[in-house]
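The next block holds one structure in the form of structure tokens; read it before the comments.
Protein chains in written order, with the numbering used here: chain A, 8 to 348; chain B, 8 to 348.
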């Protein structure tokens, strides 16, 4: 797809922004991350590598380990493999949370494939998640950095706390934009932030660079999640590996809903309460929801909010000199936002 | 209850062995552990301290944190509170595994009280378990010892691995004694071992003392679990907070079953297969199971096995000079085994 994209820094790129430049730059490292993942998820208990392999192989974009790798390289880390094994830890933690999420959400499909809980049951998913989480800490201990352990232990606690918060506030159409933002920070952005920061730590760079990369990751993660929430109302199954309207059917309160609810009248609020709080949904409700979102500019403005966080992420990289990795990380922001189109 | 117990070292004690001496010696420390637990399980997400408080307050004997405290004191640790905060970590990890276990086992009762999953649902139990686990690692990172982090990360991985193993081998009446032993090591004994070893680590004692306490904990843990498995067929609800026959009803393969199966003829094996593999149970089956166990000496010999591991635990302490804590730890072994009577 060759389109001209107006970048916010005034430059133009004669193609749609993509992951390709970043993948090209850290591809060799990422291959070794995948090898570490396969080696370290091994266990004599065969179900562990089977189940973990299913979800890890199912793919996803390996965004988080790529952030660790890219951050390490941007900070000049060159002589070692610490970034590779810590990127694997980040992916293990991410995978453990996905396994538990799918149990909690009772999901059957992830990226178009049956979830582990659908194939092996909830029990196995809970326990293999615990194993991967413990394994991540074992690998971090081998690495030996208390800073890394602190960053990822803190991230894990915030993630779990956020999941519990989401559990107790789910299906509340009066969720504020701030409350929603706290949930997606905890759910998504904090691990992006930690992944990027860990890369700076292995390069032993000054705190300012660690913090810059953490801020980049946090704001990129928020932008990604916001756009994901838009895509759930606009995409097609082929594009996402899930169908349009999954969030709607689950009664998930995402920013497009929050904005539509705030901008609509009492009759519309009744509609949102019926469909998302009471989960009383009939044919045509999803189409009506999308119509309301469009009428109120809720999808467009959610993308605008994503642009805002993307801009913060971009500025966070300002302390780094020009570098192919820096350019690829900036393109990653554009990629995150461009997915909404 | 005043009985004369013949101790294996030839001495006599004019009362039943109990936890009391240990509790008296580490009681002040344990009070502070409880304070740390309450402080560190706090979260602005109210459900977290509610749910965690429910299971932690429900009690249990605080065996694992007591082992950490006792080991630290036995090793002469005197100037600091590290043993207190690490004992809290051990209890957090234990609590996290209990929360996930109750989800996996679909348990409604624990120690006579409704389980957290019965009150708040599986989802909350999974996520609060994740939070406590992460919180334990945060507290360990604050403590700053990579040795401690390694010990407890390894223990956690083995526990999770053991739980998955148990999931895949559950209800198999042909489980060998060795396979059963591996399961209870992973499920129970490894955390006892880690808890005791951590105490030696904070006291900065030679590896030999760390390893002695680890061996003590491991073998004590095995003895405890073996006796628990006997009690499940012999106790009364008042004594245990659970009814006789819970394991039987769940089809759990414990050593009394393994021995009865091995020692019985084909007709008896059919009985075990029907009741524990197919879970096809009728009135009188539990009584018949207990009768078979008694006929084959399976309960008696399971206690004998427990004595064997208890003896190893006692000998492991041989490198320590006489000390009130050492005597209390030895009485703890006797207590573990005496519960079968």
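Heads up, the beta-carbon is just placed ideally off N, CA and C, and yes, glycines get one too.
Item: Let me confirm a value: residue 22 of chain A is counted as buried when at least 16 other C-beta atoms fall within 10 Å, else exposed. Which label applies?; Value: exposed
Item: Taking only beta-carbon positions, decide if residue 157 of chain B is within less than 8 Å of chain A.; Value: yes
Item: Taking C-alpha atoms, which residue in A/104, A/212 and A/54 lies nearest to residue 2 of chain A?; Value: There is simply no residue 2 of chain A to check, as chain A begins at 8 and stops at 348 in what is shown.
Item: Tell me, please, which residues DSSP counts as bridged to residue 121 of chain B.; Value: B/116
Item: Using a Cβ-Cβ cutoff of less than 7 Å, which residues in the same chain neighbour residue 155 of chain A once the five nearest sequence positions on both sides are dropped?; Value: 93, 147, 205 and 208
Item: Considering only their Cβ atoms, is the gap separating residue 37 of chain A from residue 76 of chain A smaller than 8 Å?; Value: yes
Item: Given a threshold of 16 other Cβ atoms within 10 Å of its Cβ, counted over all protein chains shown, does residue 53 of chain A qualify as buried or as exposed?; Value: exposed
Item: Under three-state DSSP, which class holds residue 348 of chain B?; Value: coil
Item: Under the assumption that residue 198 of chain A contacts residue 100 of chain A (Cβ atoms under 8 Å), give the Cβ distance between them as a whole number of angstroms.; Value: 7 Å
Item: So for residue 285 of chain A, helix, strand or coil by DSSP?; Value: coil
Item: Got a sec? Which residues, its chain only, sit under 6 Å from residue 120 of chain A by beta carbon, not counting five neighbours each side?; Value: 65
Item: Which whole-angstrom value is the C-beta distance of residue 193 of chain A and residue 172 of chain A, which I expect to be below 8 Å?; Value: 7 Å
Item: Quick check on residue 50 of chain B - is its C-beta less than 8 Å from some C-beta in chain A?; Value: yes
Item: For residue 99 of chain B, go through chain A and note every residue whose CB falls closer than 7 Å to its CB, in chain order.; Value: Within chain A, no residue comes near residue 99 of chain B; the closest Cβ sits about 11 Å away, beyond 7 Å.
Item: With a 10 Å radius around its C-beta and 16 neighbouring C-beta atoms as the bar for buried, classify residue 273 of chain A as buried or exposed.; Value: exposed
Item: Around the Cβ of residue 346 of chain A, are there at least 16 other Cβ atoms within 10 angstroms (buried) or fewer (exposed)?; Value: buried
Item: With distances taken between CB atoms, is the gap from residue 310 of chain B to residue 234 of chain B smaller than 8 Å?; Value: yes
Item: May I have the straight-line CA-CA distance separating residue 139 of chain B from residue 170 of chain A, to the nearest angstrom?; Value: 13 Å
Item: Just the Cα atoms here: how many angstroms apart are residue 133 of chain A and residue 122 of chain A?; Value: 13 Å
Item: Using the beta-carbon of each residue, which ones in chain B are nearer than 7 Å to residue 161 of chain A?; Value: 145
Item: Taking residue 283 of chain B as the reference, give the member of B/324, B/180 and B/188 with the closest Cα.; Value: B/180
Item: Can the beta-carbon of residue 221 of chain B be found closer than 8 Å to that of residue 203 of chain B?; Value: yes
Item: List the residues of chain B that residue 151 of chain A touches, going by C-beta distances under 7 Å, in chain order.; Value: 153
Item: For the candidate residues A/50, A/86, A/47 and A/39, whose alpha-carbon lies nearest to that of residue 73 of chain A?; Value: A/39
Item: Could you check whether the Cβ of residue 141 of chain A sits closer than 8 Å to any Cβ belonging to chain B?; Value: yes
Item: Ordered along the chain, which non-local residues of its own chain (more than five positions away) have a Cβ less than 8 Å from that of residue 142 of chain B?; Value: 47, 48 and 99
Item: Mapping the DSSP letters down to three states, classify residue 299 of chain A as helix, strand or coil.; Value: helix
Item: Does the Cβ-Cβ distance between residue 236 of chain A and residue 262 of chain A come in under 8 Å?; Value: yes
Item: So, under 8 Å CB-CB, residue 295 of chain B and residue 278 of chain B are touching, yes? Tell me the CB distance rounded to an integer number of Å.; Value: 7 Å
Item: Of all the alpha helix (DSSP H) runs that stay within the bounds of the segment 144–206 of chain A, which reach a length of 4 or more residues?; Value: 153–176 and 184–191
Item: With 8 Å set as the bound, which would you pick, yes or no: does the beta-carbon of residue 135 of chain A sit closer than that to a beta-carbon of chain B?; Value: yes
Item: In the structure shown, what three-state DSSP assignment does residue 38 of chain A receive?; Value: helix
Item: For the alpha helix (DSSP H) containing residue 222 of chain B, list its first residue and its last residue.; Value: 214–241
Item: Listed from N- to C-terminal order along the chain, which residues in the segment 165–176 of chain B have their beta-carbon within a distance smaller than 7 Å of any beta-carbon of chain A?; Value: 167, 168, 170, 171, 172, 174 and 175
Item: With DSSP collapsed to three states, give me the class of residue 23 of chain A.; Value: coil
Item: Using 10 angstroms around the beta-carbon of residue 86 of chain B, count the other beta-carbons present and answer buried if the total reaches 16, otherwise exposed.; Value: exposed
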